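Trainee: First the structure, which I've put down as structure tokens, then a few questions once you've had a look.
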Amino acid sequence: MHPCTPWRGGTALDTASRLPSPDDLLILLTVARLGRFTAVAETLGTTHTTISRRIIALEKQLGGRTLSRTPRGWELTALGAQAVRAAESIEESLGALRCALADNADPLAGVVRISTVDGFGSEFVTPALVKLQASHPNISVEMFSATRKVSQNRSGVDLEVVVGHTDVRTAHAILLGHYVLRLYAAEGYLRRHGTPQVPADLARHCFVSYVESALLVEELGHRSTGLPDPRSSFQATSIFAQVEAVRREAGVGLLPNFMVAGRDGFVPVLADSFERRLTIWAVARPEALRSARVQAVIEAIHAEAAARQEHLDF
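Numbering of the sequence shown is given in this note's numbering, commencing with residue 14 and proceeding in unit increments.
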């Protein structure tokens, strides 16, 4: 019996029957990570209906809602966040048992789940984790691309790499560096439309940036720049689509400097008069930081960012 639960009679079997199913808790954990029942069903090899039914059964056992529907998918309620913490403990214990059965002495074995902005994730997080896996081959990585602020409730990941201000009091934030955005255009585009000499000139151009209506980090979008409204726009939720649009002469783009600086065909625009400099952070909850592999991942990303900053102001 849990030390906080008073004895009211009954058997251990009675108590067990009132506890939520560990399988259902692990399903909730997967929903928290992927955000949509269809994605969970595909991952687990089952159906959307089955996932929905298992979540309903879990909520009946827990006595409340665990998930809240948002335009971005399902997010955890306060009760759901509590349930996910229990699910993570189950998952951690199963991982430890698997390592023990395999006679695995590496303390960094197991899964680490990371949510990261996509450009920084590909350029910095990915090489850092590949190097870490080379030294610790029993670490498994699940990386989710998400351009958002820190989740107020547990998001189902061990670590979040986010841009801009962090205001979650229940987590620790480690500064990784600065996320610098500058204006770029393709040579062919500038030959046809002219090169802007002052910010006001951008009103005659097409502007490439994030979809403002879907953007959770306002500092990455056009509206927060103070630049004039463009003649037209090309907006995409993927930074890779934005880079490709600029490369293919769609317009002037607000792009991360580390992704395009020095690449053939990308010409700086208003280089002396415009720049956005944002902080980028690794954010983890205290319980995640107790994991040796999460600490190792943070150290690896921090080292990669520090080494690259010596050569490139990203």
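We put the beta carbon where it would ideally sit given N, CA and C, even for glycine.
These figures come from a predicted structure and were not determined experimentally.
(1) Does the Cβ-Cβ distance between I64 and L80 come in under 8 Å?
(2) Return helix, strand or coil for Q210, following the three-state DSSP convention.
(3) Can you have a look at Q210 and say buried or exposed, based on whether 16 or more other CB atoms are within 10 angstroms of its CB?
(4) Helix, strand or coil for G190? Go by DSSP, reduced to three states.
(5) Have a look at L203, E105, L188 and flag the residue whose alpha-carbon is nearest the alpha-carbon of D214.
(6) Quick one: grab the DSSP three-state call for P150.
(7) Using three-state DSSP, classify E155 as helix, strand or coil.
(8) Give the straight-line distance between the Cα atoms of S102 and R303, rounded to the nearest whole angstrom.
(9) Which stretch, first to last residue, makes up the alpha helix (DSSP H) that contains T129?
(10) From the DSSP output, in three-state form, read off F247 for me.
(11) Could you tell me which residues DSSP pairs with A254 in its beta bridges?
(12) Using the Cα positions of G278 and A320, report the straight-line distance between them to the nearest angstrom.
(13) At which residues does the alpha helix (DSSP H) containing S65 begin and terminate?
(14) In the DSSP assignment, find the unbroken alpha helix (DSSP H) run with L57 in it and report its ends.
(15) Bridge partners of A295, per DSSP?
(16) Is P299 buried or exposed, if buried means 16 or more other CB atoms sit within 10 Å of its CB?
(17) Using DSSP with H/G/I as helix, E/B as strand and the rest coil, what is A199?
(18) Take the Cβ of F253 as the centre, count every other Cβ of all protein chains shown within 10 Å, and call the residue buried at 16 or more, exposed below.
(19) Sorted by chain position, which residues of the same chain lie with C-beta nearer than 8 Å to H315's C-beta, five sequence neighbours on each side aside?
(20) Where does P269 land, buried or exposed, given buried means 16+ other C-beta within 10 angstroms?
(21) With DSSP as the reference, label E104 as helix, strand or coil.
(22) According to DSSP, is G132 part of a helix, a strand, or is it coil?
(23) Going by DSSP, which residues form a beta bridge with F220?
Mentor: Let me spell this out:
(1) no
(2) coil
(3) exposed
(4) strand
(5) L203
(6) coil
(7) strand
(8) 12 Å
(9) It is not in any alpha helix (DSSP H) - T129 instead sits in the beta strand (DSSP E) that spans 123-129.
(10) strand
(11) Note: A254 sits in no beta bridge, so no partner.
(12) 26 Å
(13) 61-75
(14) 50-57
(15) V174, I187
(16) exposed
(17) strand
(18) exposed
(19) I187, L189, A295
(20) buried
(21) helix
(22) helix
(23) S246, V265
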